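Residue 316 is where the sequence shown ends in full-length UniProt numbering, and the numbering goes up by one at each step.
Notes follow once the structure below has been shown.
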Amino acid sequence: MNKKLLKVNQLFLAGLLGLILSITTTKLSSMFNLSLVRADNIQNDTNNINEFNLIELGVPPFRQDAPKNNPNRSSSIELQLISTTPNQITDTEAWFERNNLSLPTYQVPNFNLNQLGDLPDYLPRSFGDNILVKAIHYRDRDFLIYGNDYGDGRYLFSYDSDSHQFTAGYDFSNYSLSPDYVESDLDFVNQSLTWVNQEDNILYVSHRHNTYAQSSLGMNGYLTAINTDNNQIIWRSQPLVCNAGNFEIINEVIICGYGFTAEPDFLYLIDKNNGKVLQQINLKTAPDYIIRKGNKLYVRTYDTDYIFEIKFMNKM
Numbered sequence: 001m002n003k004k005l006l007k008v009n010q011l012f013l014a015g016l017l018g019l020i021l022s023i024t025t026t027k028l029s030s031m032f033n034l035s036l037v038r039a040d041n042i043q044n045d046t047n048n049i050n051e052f053n054l055i056e057l058g059v060p061p062f063r064q065d066a067p068k069n070n071p072n073r074s075s076s077i078e079l080q081l082i083s084t085t086p087n088q089i090t091d092t093e094a095w096f097e098r099n100n101l102s103l104p105t106y107q108v109p110n111f112n113l114n115q116l117g118d119l120p121d122y123l124p125r126s127f128g129d130n131i132l133v134k135a136i137h138y139r140d141r142d143f144l145i146y147g148n149d150y151g152d153g154r155y156l157f158s159y160d161s162d163s164h165q166f167t168a169g170y171d172f173s174n175y176s177l178s179p180d181y182v183e184s185d186l187d188f189v190n191q192s193l194t195w196v197n198q199e200d201n202i203l204y205v206s207h208r209h210n211t212y213a214q215s216s217l218g219m220n221g222y223l224t225a226i227n228t229d230n231n232q233i234i235w236r237s238q239p240l241v242c243n244a245g246n247f248e249i250i251n252e253v254i255i256c257g258y259g260f261t262a263e264p265d266f267l268y269l270i271d272k273n274n275g276k277v278l279q280q281i282n283l284k285t286a287p288d289y290i291i292r293k294g295n296k297l298y299v300r301t302y303d304t305d306y307i308f309e310i311k312f313m314n315k316m
């Protein structure tokens with residue numbers, strides 16, 4: 001009797017286990033197929049980048065009136081120097097780690113450096129014959145910059161990572177070449193889109209080339225504010241104020257910087273409402289990165305690391 005009962009129990013448990021496995025397998029299969037469908041949908045959305053209608057922006061003004069001195073206009077913030085520390089020039093990564101800093105970027109694939117990157121699968125690696133040069137990730141959107149090579153930046157796409165849809169695309173080809181330049185330096189004076197941020201309907205962009213200012217007759221290193229409702233320029237800064245790798249927006253102020261070999265090196269505070277220089281701060285060498293962390297601003301230059309305290313003023 002006990003043996004029969006034991007056998008019945010074994011058969012019952014075996015059947016129950018089989019049923020559980022069957023249900024679990026079905027659910028897992030369904031979930032797996034669903035994830036594949038979602039992934040396919042995302043991939044299909046990103047393929048639309050080559051069908052997206054680009055907005056070709058007009059030729060911007062190329063001002064030549066670079067800041068000559070410290071204007072000391074009233075600003076909503078002030079920077080008070082805390083420290084300057086010589087760096088080893090090649091220890092940029094250690095600087096980021098030591099200060100627990102980061103840029104809001106994905107690492108893009110770069111086969112020249114055997115770099116796979118950490119780009120999400122839903123962001124396209126190319127646009128036509130152009131490669132992805134930079135991917136900037138903000139809370140509500142991604143900005144993708146494409147160009148002919150890793151030193152180029154000509155096309156900009158805004159991507160909504162929640163809906164997996166492109167929301168805007170811009171062709172900055174007309175921003176590339178200044179109206180006058182040293183002809184023998186033509187291969188070096190094409191200006192690339194370097195950094196992007198957007199607040200409401202205003203797009204802020206910086207452009208630079210990687211050679212001496214005299215090669216473009218001083219027409220380089222601009223910040224531009226663009227109204228995305230009509231794609232018109234709201235303002236463009238003076239030249240030679242922004243060739244750093246990025247800029248920061250704090251309250252009503254954009255902080256960027258300019259410098260190059262054998263040229264003056266400065267950090268600039270710029271009024272984001274009109275593009276006017278509020279303050280210029282002398283630096284020992286050219287600024288590479290400008291990063292806010294709390295109430296401190298970390299500035300990495302070619303051979304010196306700066307830390308500033310950000311002080312907020314009551315009014316402009």
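For every residue, glycine included, the Cβ atom is placed at its ideal position computed from N, Cα and C.
Just so you know, these numbers come straight off a predicted model, no measurement behind them.
Around the C-beta of Glu56, fewer than 16 other C-beta atoms lie within 10 Å, and the residue is accordingly described as exposed. For the set Ser173, Pro120, Asn190, Phe172, the Cα lying nearest the Cα of Tyr159 is the one of Pro120. Ile89 carries a coil assignment under DSSP once its states are collapsed to helix, strand and coil. Secondary structure of Arg292 (DSSP, three-state): strand.
Between the C-alpha atoms of Asn251 and Phe312 there is a straight-line separation of about 9 Å. The straight-line gap separating the alpha-carbon atoms of Glu97 and Tyr306 is approximately 15 Å. In the three-state reduction of the DSSP assignment, Leu116 falls in the coil class, being assigned neither a helical nor a strand state. Per DSSP, the continuous beta strand (DSSP E) segment holding Ala135 begins and ends at 130-137.
As summarised for the stretch 236-260, the continuous beta strand (DSSP E) elements at least 3 residues long and confined to that stretch are 248-250, 253-258, given in chain order.
Distance check between Asp180 and each of Gly218, Glu93, Tyr212, Ser75 places Gly218 closest, using alpha-carbon atoms only. Under a 10 Å Cβ-count criterion, Phe308 is classified as buried, with 16 or more other Cβ atoms of the shown protein chains found around its own Cβ.
Contact holds between the stretch 165-184 and the stretch 52-66, because three or more Cβ pairs, one in each stretch, are under 8 Å apart. Taking the C-beta atoms as reference points, Ile290 is found no nearer than 7 Å to Ile249.
Around the CB of Ile270, 16 or more other CB atoms lie within 10 Å, so the residue is classed as buried. Under the three-state reduction of DSSP, Tyr298 is assigned to strand. At least 7 Å separates the beta-carbon of Gly257 from that of Pro239. Taking the Cβ atoms as the reference, Ala244 lies roughly 6 Å from Asp288, within the contact range of under 8 Å. Taken atom to atom, the span from the alpha-carbon of Asn282 to that of Arg300 is near 13 Å. Between Pro109 and Gly117, the C-beta spacing is below 7 Å.
Taking the Cβ atoms as the reference, Arg154 lies roughly 13 Å from Ser126, outside the contact range of under 8 Å. Separation of Gln191 and Gln198 (C-alpha to C-alpha, rounded to the nearest whole angstrom) is 20 Å. Counting along the chain, Glu309 sits inside the beta strand (DSSP E) bounded by residues 304-312. Taking a C-beta distance under 7 Å as the contact criterion, Cys242 and Ser216 do not qualify as a contact pair.
For Phe166, the enclosing beta strand (DSSP E) has its first and last residue at 165-171. The beta carbons of Asn210 and Pro60 sit about 19 Å from each other, so the pair does not count as a contact at 8 Å.
Within the same chain, Thr105, Tyr106, Val108, Leu119, Leu123, Asp142, Leu144 come within 7 Å of Ala135 by CB-CB distance, once the 5 residues on both sides are set aside. Per the coordinates, the alpha-carbon of Val189 lies some 9 Å from the alpha-carbon of Val182. Judged by their CB atoms, Leu193 and Thr228 are not nearer to each other than the 7 Å cut-off. Bridge pairing for Glu78: Lys311 [DSSP]. DSSP places Arg208 inside the beta strand (DSSP E), whose first and last residues are 202-208.
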